[in-house]
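Numbering (the numbering used here), first residue to last: 400 to 926.
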């Protein structure tokens, strides 16, 4: 029995480590002609296996070596014959890598990706299918068809279908090209449209039916691109409107309560943004394991910082100028310059880096060509949250009642015991704090620097005037509307012309409806 087992063990040890590949094909990989190399690559890939994958991957990585007529791989210090897999004795002393130009490298990439389509690991198959989206050659059509039949994952199967159709465009068979063109009509990618455009030329595509199908597919793709572009502009406009809303909410409160045109309001956004950067720096230095959550800590910190600065401005300067709009305008403009210079002294004139946390990075793909960034989605949700808190504060609390009373009729509110002076300070602090929250949101999508608030002060006033003084609902509709309209106009005429057109629209609207979208109600206002 022992002798029998020993003979089996010796027989197993005598087996080769790996099945030998065709030496002629392996030798052809080092041919001078690129066509010969590509032909050898394709023939070797027809019998997939671990040995073929290892050989072709080594060639793609410049690890297929040549010494005279011998092709080998290096395994540590040991040279392994490329065809047989046996150690080379003796190991070559002088060798060089087999030359792989861009054309051969592209063929290698296609073949290796095609071989990975049958891997048991879903992540490997997904990566291979994604790699083949842009460079699948016609030689991979049978492989892609076979992979589609075996693939159970719907997402990967859709990618394979796209790659199969793109690869089939170069097929000599008219029926296959026609089917590919019709299949690509379901795409919404500009790259796919670019693939189909050459087929409109009779010199590139001799078949009339294929050219007509290509024209129809291009029209279908362009209509989807228009839809995706429109939805993207609307979403970007909503995110811009969310920033304007956070800036305008505070301005609507201060302007509605005190009638103050605060030209330093944009700098309160800047204070909120720098507070976010400072909070990020603290987390990075002292709590690096919780760095992803610095934004949550920055929200109350930015609110308090901006609110304290706002109340200090109201107590020291603005309170002495009530009822004098021109002096208030000039004074707050001077305060904005002071705050900008203070930021330059404290933080430098250059922009500082505020990075998105990982849970706000990336985006969600709604449709091909339309990806909604997570940071903008979070900003819109955050704005809705702040808006809900503001509504509850204004409608359900004593402070909100006082603010609404002072906004509608300051003398009467004072006569019935409302402490108008304290309401002024608290309202200014509340408005400044909300602007600070706007700075937190703005820091996630824009550069943080001393001048960052200057670009939002005019738009914020437009929101307040267009929506109606002291009206939250008006501010919401005005901010979102201006954001969306601005983004659409920027796409057609550029940022500068868009600003001018928006200003003209607002001026014309105010001429027709001076009270804005929503007017205050009350006997004092009506009189």
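Here a beta-carbon is modelled for each residue, glycine too, at the ideal position from N, C-alpha and C.
Just so we're clear, the structure is a prediction, and the values are computed from it rather than from any experiment.
- Following the continuous beta strand (DSSP E) through residue 763, name the residue where it begins and the one where it ends. Sequence index remark: in the chain shown, residue 763 carries index 364 (1-based). Note, residue 763: beta strand (DSSP E), 762-766.
- Figure out for me which residue from 748, 764 and 774 has the closest Cα to the Cα of residue 756. Here residue 756 corresponds to residue number 357 of the chain shown, with the count starting at 1. The shortest Cα separation from residue 756 among 748, 764 and 774 belongs to 774.
- With distances taken from CA atoms, which of 747, 780 and 640 is nearest residue 927? For the chain, the structure presents residues 400 to 926; residue 927 sits outside this window and is missing.
- Task: Tell me where the beta strand (DSSP E) around residue 479 begins and ends.
- Result: On the chain shown, position 80 is the one that residue 479 refers to. 477-480 is the extent of the beta strand (DSSP E) around residue 479.
- Query: On the premise that residue 479 lies in contact with residue 489, defined as a C-beta separation below 8 Å, what is that separation, rounded to the nearest angstrom?
  - Reply: Here residue 489 is taken as the residue at index 90 of the chain shown, counted from 1. Here residue 479 is taken as the residue at index 80 of the chain shown, counted from 1. In fact, because the Cβ distance is near 13 Å, the residues do not count as touching under 8 Å.
- Straight-line CA distance for residue 906 to residue 593? The residue given as residue 906 occupies position 507 in the chain shown. The residue given as residue 593 occupies position 194 in the chain shown. Going from the Cα of residue 906 to the Cα of residue 593 covers about 43 Å.
- Task: Identify whether residue 921 lies in helix, strand or coil by the three-state DSSP scheme.
- Result: For this step, residue 921 is matched to residue 522 along the chain shown. Bear in mind that a pLDDT of 49 at residue 921, under 50, signals an unreliable position, so the number given afterwards is only what the model happens to contain. It is coil, neither helix nor strand.
- Just the Cα atoms here: how many angstroms apart are residue 650 and residue 830? Walking along the chain shown from the start, residue 650 turns up at place 251. Walking along the chain shown from the start, residue 830 turns up at place 431. Spanning the two alpha carbons is a distance of roughly 6 Å.
- Task: Evaluate contact between the segment 677-689 and the segment 853-873, counting only Cβ atoms and requiring at least three cross-stretch pairs below 8 Å.
- Result: no
- Segment limits, alpha helix (DSSP H) that includes residue 782: Residue mapping note: residue 782 aligns to position 383 of the chain shown, counting from 1. It spans 773-795 - the alpha helix (DSSP H) in which residue 782 sits, taken as one unbroken run.
- Query: Among 622, 859 and 751, which one has its Cα closest to the Cα of residue 876?
  - Reply: Indexing the chain shown from 1 puts residue 876 at position 477. Out of 622, 859 and 751, 859 has the C-alpha closest to the C-alpha of residue 876.
- Query: Terminal residues of the continuous beta strand (DSSP E) containing residue 466?
  - Reply: Along the chain shown, read from residue 1 onward, the residue named residue 466 stands at position 67. Start and end: 464-466.
- For residue 406, the three-state DSSP class (helix, strand or coil): Position 7 of the chain shown holds residue 406. A caution first: residue 406 carries a pLDDT of 41, below 50, which makes its placement in the model unreliable, though a value can still be read off. Helix, per DSSP.
- Query: Can you name the residues that DSSP bridges to residue 496?
  - Reply: As a first step, residue 496 is located in the chain shown; it is residue number 97 there, counting from the start. 464, per the DSSP bridge assignment.
- Consult DSSP for residue 744 and reduce its assignment to one of helix, strand or coil. In the chain shown, the residue the question calls residue 744 occupies position 345. Here residue 744 sits in helix by DSSP.
- Bridge partners of residue 469, per DSSP? For this step, residue 469 is matched to residue 70 along the chain shown. DSSP, once it has assigned bridges, lists 466 as partnering residue 469.
- Out of 546, 538 and 537, state which residue places its alpha-carbon closest to the alpha-carbon of residue 519. Sequence index remark: in the chain shown, residue 519 carries index 120 (1-based). Nearest option by C-alpha distance: 546.
- So what does residue 862 bridge to, in DSSP terms? Here residue 862 refers to the residue found at position 463 of the chain shown. In the DSSP output, where bridge partners are listed per residue, residue 862 has none listed.
- Message: Going by DSSP in three states, residue 474 sits in which element: helix, strand or coil?
- Response: Stepping through the chain shown from its first residue, residue 474 is reached at position 75. Residue 474 falls in the strand class under three-state DSSP.
- Query: Expressed to the nearest angstrom, what Euclidean distance is found between the alpha-carbon atoms of residue 509 and residue 574?
  - Reply: Residue mapping note: residue 509 aligns to position 110 of the chain shown, counting from 1. Residue mapping note: residue 574 aligns to position 175 of the chain shown, counting from 1. Those two C-alpha atoms are separated by around 24 Å.
- Message: So, at 7 Å on beta carbons, what are the nonlocal neighbours of residue 825 in its own chain, with the 5 sequence-adjacent residues on each side left out?
- Response: As a first step, residue 825 is located in the chain shown; it is residue number 426 there, counting from the start. Same-chain partners within the cutoff: 798.
- Query: Per DSSP, what kind of secondary structure is residue 428 in: helix, strand or coil?
  - Reply: As a first step, residue 428 is located in the chain shown; it is residue number 29 there, counting from the start. Correct three-state label for residue 428: coil.
- Cβ shell of residue 751 (< 8 Å), same chain only, five flanking positions each side left out: Numbered from 1 along the chain shown, position 352 holds the residue referred to as residue 751. If we look at residue 751 and ignore the five residues flanking it on each side, its Cβ neighbours are 673, 676, 847 and 848.
- Message: Would you call the segment 593-611 in contact with the segment 566-583, where contact means no fewer than 3 C-beta pairs closer than 8 Å?
- Response: yes
- Query: Should residue 679 be listed as close to the ligand NAP, given that the test is whether its C-beta is under 7 Å from any heavy atom?
  - Reply: For the structure depicted, the ligand NAP is absent and the ligand set is empty, with no information on it obtainable.
- Task: Take residue 912 as the anchor and find which of 895, 873 and 891 has the nearest alpha-carbon.
- Result: Here the question's residue 912 lines up with position 513 in the chain shown. For the residues 895, 873 and 891, the minimum Cα distance to residue 912 belongs to 873.
- State the CB to CB distance for the pair residue 828 and residue 709, rounded to an integer number of angstroms; the pair is presumed to be in contact (CB under 8 Å). Within the chain shown, the letter at position 429 stands for residue 828. Within the chain shown, the letter at position 310 stands for residue 709. Between residue 709 and residue 828 the Cβ distance is about 5 Å, and since that is below 8 Å, they are a contact.
- Message: Quick check: residue 730 and residue 738, are their CB atoms within less than 8 Å of each other?
- Response: Residue mapping note: residue 730 aligns to position 331 of the chain shown, counting from 1. Residue mapping note: residue 738 aligns to position 339 of the chain shown, counting from 1. Going by C-beta atoms, residue 730 is not nearer than 8 Å to residue 738.
- Flag this pair as yes or no: are the beta carbons of residue 694 and residue 900 separated by less than 8 Å? Here residue 694 is taken as the residue at index 295 of the chain shown, counted from 1. Here residue 900 is taken as the residue at index 501 of the chain shown, counted from 1. The answer is no: Cβ separation not under 8 Å.
- Item | Where residue 583 sits in the DSSP three-state scheme | One-based indexing of the chain shown puts residue 583 at position 184. In this structure, residue 583 counts as helix in the three-state DSSP scheme.
- Task: Look at residue 542 and residue 436 and say whether their C-beta atoms are less than 8 Å apart.
- Result: Locating residue 542 in the chain shown gives position 143, where the first residue counts as 1. Locating residue 436 in the chain shown gives position 37, where the first residue counts as 1. Against a cut-off of 8 Å, the Cβ pair of residue 436 and residue 542 comes out as no contact.
- What is the rounded straight-line gap between the Cα of residue 627 and the Cα of residue 766? On the chain shown, residue 627 is found 228 positions in, with the first residue counted as 1. On the chain shown, residue 766 is found 367 positions in, with the first residue counted as 1. Between residue 627 and residue 766, the C-alpha separation is close to 7 Å.
- Message: Does residue 412 pass the burial test, meaning 16 or more other C-beta atoms within 10 Å, or should it be called exposed?
- Response: The count along the chain shown starts at 1 and reaches residue 412 at position 13. Residue placement at residue 412 is poorly supported in this model, since its pLDDT is 38, which falls under 50; the coordinates still yield a value, given next. Looking at its Cβ environment, which holds fewer than 16 other Cβ atoms inside 10 Å, residue 412 is exposed.
- Message: I'd like to know whether the C-beta atoms of residue 734 and residue 712 end up nearer to each other than 8 Å.
- Response: In the chain shown, residue 734 corresponds to position 335, counting from 1. In the chain shown, residue 712 corresponds to position 313, counting from 1. It is a contact, given that the beta carbons lie within the stated cut-off.
- Do residue 481 and residue 425 come within 8 Å of each other at the CB atom, strictly closer than that value? Reading the chain shown from its first residue, position 26 is the one you call residue 425. Reading the chain shown from its first residue, position 82 is the one you call residue 481. It is a contact, given that the beta carbons lie within the stated cut-off.
- Going by the CB atoms, is the gap between residue 834 and residue 668 shorter than 8 Å? Sequence index remark: in the chain shown, residue 668 carries index 269 (1-based). Sequence index remark: in the chain shown, residue 834 carries index 435 (1-based). Taking 8 Å as the Cβ cut-off, residue 668 and residue 834 qualify as a contacting pair.
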